[in-house]
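Heads up: the sequence shown at position 111 corresponds to 111 in UniProt numbering, and the numbers run straight through without jumps. Note that the Cβ used here is the ideal one computed from N, Cα and C, for glycine as well. Note that the structure is a prediction, hence the values are computed from the model and not measured.
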Amino acid sequence: MFKNFFRNLQKKKLLNKEFEYLFDEEPKNEYVCLDCETTGLNPKKDEILSIGAVIIKENKVLMSKTFNIYVKPSDNISTQSILIHRIRPIDLENAIDPEEAIYELLKFIGSRVIVGYYIKFDIAIISRYTKKYIGIKLPNSSIEVSSMYYRTKKRRSDYEFVDLKFDTIMKELDIPLLGKHDALNDAIMTSMIFLKLKGLPAAKSTFYT
1 MFKNFFRNLQ KKKLLNKEFE YLFDEEPKNE YVCLDCETTG LNPKKDEILS IGAVIIKENK
61 VLMSKTFNIY VKPSDNISTQ SILIHRIRPI DLENAIDPEE AIYELLKFIG SRVIVGYYIK
121 FDIAIISRYT KKYIGIKLPN SSIEVSSMYY RTKKRRSDYE FVDLKFDTIM KELDIPLLGK
181 HDALNDAIMT SMIFLKLKGL PAAKSTFYT
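Structural data, given as structure tokens:
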């Protein structure tokens, strides 16, 4: 009830009616898995440098339905930032303007549920851009794969530590690493984590956030 109330409130604030499709009914058994590379870890001030995404339908990752773009930053990226995301100035030579990038991303996402690893960060930083360009935060529901994984781990107490690092989850689930960590590869690997977990009863309790 409250979810629908806030969605309707969001819809009224939409500045560009072209994007009303974001509020359409979620396609059944269809998701979009995404990942952003950014200049830092503060969604209130840092910028998106690249976005990778892939469509999941039924129990398949649709490799023919991928999204991979570089986004032009407002300033030169720092050496410290490059060490984190490994995106060099040369990689951004053909980057597109943030507004165009966000519009393309929204068309790719549609009204699908968004899947990701620590996806709240990605949604928060994307929402800062969507608020600026279309007046609203990203309205899509989301699923967090680290929460799904956490629910599947048997613990002797609520205080027992569970390693939720990305590479640890990949190893535990016996999923192959796809070479370098970039936005698209991370989105594809995260989608494989999701598919491996989504059929497990314990993991299902994390749908949706």
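So is residue 196 buried or exposed if we call it buried at 16+ other beta carbons inside 10 Å? Per the 10 Å Cβ criterion, buried.
Where residue 21 falls: helix, strand or coil (DSSP): In the structure shown, residue 21 falls within a helical segment according to DSSP collapsed to helix, strand and coil.
Residue 40 versus residue 85 - alpha carbon distance: Roughly 9 angstroms separates the two Cα atoms.
With 16 other Cβ atoms within 10 Å as the buried cut-off, status of residue 90: When all chains shown are included, residue 90 counts as exposed.
Assuming the contact rule is C-beta atoms closer than 8 angstroms, residue 98 and residue 129 should be a hit. Round their C-beta distance to whole Å, please. A Cβ-Cβ distance of about 6 angstroms is found for the pair residue 98 and residue 129, placing them in contact under the 8 angstroms criterion.
Buried or exposed: which applies to residue 148, given that a residue is buried once 16 or more other Cβ atoms fall within 10 Å of its Cβ? The residue in question, residue 148, is buried, as its Cβ has 16 or more Cβ neighbours within 10 Å.
For the region 76-155, which segments carrying the beta strand (DSSP E) assignment without a break, of at least 3 residues, lie completely within its bounds, in sequence order? Runs found: 113-116, 142-144.
Run of the beta strand (DSSP E) containing residue 194, from where it starts to where it stops: No beta strand (DSSP E) holds residue 194; the alpha helix (DSSP H) holding it covers 183-197.
Can you give the Cα-Cα distance for residue 104 and residue 67, rounded to whole angstroms? Going from the Cα of residue 104 to the Cα of residue 67 covers about 9 angstroms.
Counting pairs of Cβ atoms below 8 angstroms between the region 159-166 and the region 130-143, do you hit three or more? No: fewer than three Cβ pairs fall under 8 angstroms.
Out of 181, 190, 182, 183, point me to the one whose CA is closest to residue 173's CA. Nearest option by C-alpha distance: 190.
Anyone know if the C-beta pair for residue 95 and residue 49 falls short of 9 angstroms? In terms of Cβ geometry, residue 95 and residue 49 form a close pair [threshold 9 angstroms].
Which first and last residues belong to the alpha helix (DSSP H) in which residue 169 is found? Here the alpha helix (DSSP H) through residue 169 covers 166-172.
Based on the DSSP secondary-structure assignment, which residues constitute the bridge partners of residue 35? DSSP, once it has assigned bridges, lists 52 as partnering residue 35.
Please state the DSSP three-state secondary structure of residue 5. If DSSP states are grouped into helix, strand and coil, residue 5 belongs with the helices.
What residue range is occupied by the uninterrupted beta strand (DSSP E) comprising residue 69? Run containing residue 69: 60-70, per the beta strand (DSSP E) assignment.
Taking the CB atoms as reference points, tell me whether residue 166 and residue 56 lie closer together than 9 angstroms. Contact check for residue 166 against residue 56 fails: the beta carbons are separated by 9 angstroms or more.
When you compare only the Cα positions, how much space is there between residue 3 and residue 24? As the crow flies, the alpha-carbon of residue 3 is around 14 angstroms from that of residue 24.
Around the C-beta of residue 15, are 16 or more other C-beta atoms found within 10 angstroms, so that it is buried, or is it exposed? Around the beta carbon of residue 15, fewer than 16 other beta carbons sit within 10 angstroms, so the residue counts as exposed.
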